[in-house]
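To start, the structure under review is shown below, and the notes come after it.
Residue numbers (this note's numbering): 929 to 1071.
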């Protein structure tokens, strides 16, 4: 199977420590993180993704916010140099330790943070990155 992710969620998962909008959102995020840690591929998509799923039944879900498509566009552009063709819509790729480390390094330096401007979680992500990603849920085991 393939995990479908909005481009900005690719950035979000770098600092994910188990916090989210609702308990259902967090429970679903944990499932998605486990799928990635198990080696499932990622396909970047436009629109609601596997992480958004539990929010879609809410009134005015965050994933339909007017700013979200622009955040996705900026995130896709930001990671293009690191991921190359993987940033093409629906072009599946796997995260490996090297790619994850490269993304986290670029995130720490602000190189790929253009999509994070105005995000309500930005301060939390800043502190997680400054801690060296201590407590993050996404880990990739060596093959």
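Glycine residues also receive a C-beta, built at the ideal position from the N, C-alpha and C atoms.
All figures in this text were calculated on a predicted structure; none of them were measured in a lab.
- Shown here, residue 1068 sits in coil according to DSSP, grouped into three states, outside any helix or strand.
- The three-state reading of DSSP puts residue 942 in coil, since its state is none of H, G, I, E or B.
- If you check the CB distance, residue 942 and residue 1053 come in under 9 Å.
- Residue 1028 sits in a helix when the DSSP states are folded into three classes.
- Taking the Cα positions, residue 1012 is about 15 Å away from residue 1001.
- Within 10 angstroms of the beta-carbon of residue 1009 lie fewer than 16 other beta-carbons, which makes it exposed.
- With a threshold of 16 other beta carbon atoms within 10 Å, residue 982 meets it and is buried.
- Take the alpha-carbon of residue 1067 and the one of residue 962: they are about 9 Å apart.
- With a cut-off of 8 Å on Cβ pairs, the stretch 1020-1035 is in contact with the stretch 950-970, counting three or more such pairs.
- When rounded, the separation of the alpha-carbon atoms in residue 964 and residue 1037 is 24 Å.
- When the alpha-carbon of residue 1058 is set against those of 1034, 1042, 1026, the nearest one is in 1034.
- Beta-bridge partners of residue 1021 (DSSP): 970.
- When DSSP states are grouped into helix, strand and coil, residue 999 belongs to the helix group.
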